[in-house]
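Quick note, the sequence shown lines up with residues -17 to 288 if you use this note's numbering.
Here a beta-carbon is modelled for each residue, glycine too, at the ideal position from N, C-alpha and C.
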Amino acid sequence: MSNPILQVENLTKRYGAVEAIRGVSFAVEEGEVFGLLGPNGAGKTSTVEILEGLRTLDGGRVSVCGLDPQRNPQELKREIGATLQATSLPDKMRVFEALKLFASFYERRRDPEELLKRFGLEEKRNAFYNQLSGGQKQRLALAMALVNDPRVLFFDEPTAGLDPQVRREIYGVIEELRREKKTIVLTTHYIEEAERLCDHVAIVDHGKVIAQGTPRELRQRSGDTTRIEVRLAKPGSVDKLKSLDGVTDCREVDSTFILHCQRPPQAIVALVKHLEAEGNELTSLEISTPSLEDVFIELTGRRLRD
């Protein structure tokens, strides 16, 4: 394996008495999409802002493109591109003006006309920023992040607040960059986003990396199982459900029981018989394959987006 293009070792950051980042470590290989997945307040944005040189660290070591973000901020700016959680421009700035302005900041730059075409903004070239939809504003933010042809891209919650259709459009843009082997670090609290876009994922909670690996490796923590999520009319017992035929694990989260089963048909039959004997009944039942949320639940006892 080659030397990582980005490396984080035992990173710490405090805000007063609050320890926002607690010994975070990970490495990103050139040409991969690396995701920081976790709930709001987990420390994802603070970590990325340190990597971008926007915040100082309190402990540990970081390297991006062989540079220390604190010691080499100007050199780093030439090598990275970024979108923030809330990118905003003046209301009366036109789309093409924004791209030309950002391009003027760099010696190495992409053609703004080419970026307009690539991100489907040709018809909006003369539109004011406040005339753009949420999806168009995000596409413009992505285009501006690419204007200096960066080696590493940072996308902080790139689809937060967008409706599902627009979110899928942004996924398509990021997938195209992934096929081009652009190195991307993205933060997200969306399970689907991490599973669909990322080559490697670090799951972050309360400022710590609690698990990391490829999405497939992380899902395999649940074994070769099927996920059955049930709601009951009356309270149930985790221990009793866990002991049912075919059930390998059971957890209760938000009044919902999440069962992992190696033999789903037997488990469902056993579940129905058990509920009949207990005078209880199903109000809902969903069957799926394990996801990264199951890993988060296993490690924290709660849903990722709680």
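Within 10 angstroms of the beta-carbon of Val254 lie fewer than 16 other beta-carbons, which makes it exposed. Contact between the segment 20 to 38 and the segment 187 to 196 is present: three or more C-beta pairs spanning the two stretches fall below 8 Å.
Taken through DSSP and simplified to helix, strand or coil, Asn(-8) comes out as strand. Linking Arg(-4) to Leu49 through their CA atoms gives a straight-line distance of about 23 Å. Excluding residues up to 5 positions away in sequence, Glu211, Val212 and Arg213 lie with their Cβ nearer than 8 Å to the Cβ of Thr238 in the same chain.
For His256, the enclosing alpha helix (DSSP H) has its first and last residue at Pro246 to Glu260. For Lys99, the three-state secondary structure derived from DSSP is helix. Comparing alpha-carbon positions, the option among Glu175, Leu58 and Val229 lying closest to Leu(-12) turns out to be Leu58. Contact between the segment 233 to 247 and the segment 197 to 212 is present, with at least three C-beta pairs closer than 8 Å.
Per the coordinates, the alpha-carbon of Ile62 lies some 8 Å from the alpha-carbon of Glu34. Ranked by how close their Cα comes to the Cα of Ser70, the residues Ser266, Tyr111 and Gly117 have Tyr111 in first place.
Of the candidates Val30, Ser28, Val183 and Leu124, Leu124 places its Cα closest to the Cα of Glu151. Where Val229 is concerned, the enclosing beta strand (DSSP E) starts and stops at Val229 to Val235. Cβ atoms of Ala127 and Thr65 come within 8 Å of each other, at about 5 Å.
In the three-state reduction of the DSSP assignment, Asp138 falls in the strand class, which pools E and B.
With respect to the C-alpha of Arg245, the residue from Gly228, Pro140 and Glu14 having the closest C-alpha is Gly228. The Cβ-Cβ distance between Lys99 and Val77 does not fall below 8 Å. In the structure shown, Lys216 falls within a coil segment according to DSSP collapsed to helix, strand and coil.
Among the bridge pairs identified by DSSP, Leu124 is matched with none. The beta carbon of Thr196 lies closer than 7 Å to those of Asp181 and His182 in the same chain, with the five residues before and after it left out.
When C-alpha distances from Leu(-7) are compared across Arg37, Glu263, Val15 and Asp236, the shortest belongs to Arg37. Uninterrupted alpha helix (DSSP H) stretches at least 4 residues long and entirely within the segment 16 to 66 occur at 26 to 33 and 55 to 61, given in chain order. In the three-state reduction of the DSSP assignment, Leu168 falls in the strand class, which pools E and B.
According to the DSSP assignment, Gly154 belongs to the alpha helix (DSSP H) that extends over Pro146 to Arg161. Around Asp73, the same chain offers Phe110, Tyr111 and Asn112 as residues with beta carbons nearer than 7 Å, after the five sequence neighbours per side are excluded.
Cβ-Cβ distances below 7 Å link Val148 to Gly116 and Gly117 in the same chain, with the five nearest sequence neighbours on each side left out; the list follows chain order. In the three-state reduction of the DSSP assignment, Glu263 falls in the coil class. Between Asp138 and Gln194 a beta carbon distance of about 19 Å is seen, past the 8 Å cut, so the two are scored as non-contacting. Around the beta carbon of Gln120, 16 or more other beta carbons lie within 10 angstroms, which makes this residue buried. According to the DSSP assignment, Lys82 belongs to the alpha helix (DSSP H) that extends over Val77 to Ala85. With a cutoff of 8 Å on beta-carbon distance, Asn130 and Arg160 are scored as not near each other. In this structure, the beta-carbon distance from Arg203 to Val155 does not fall below 8 Å.
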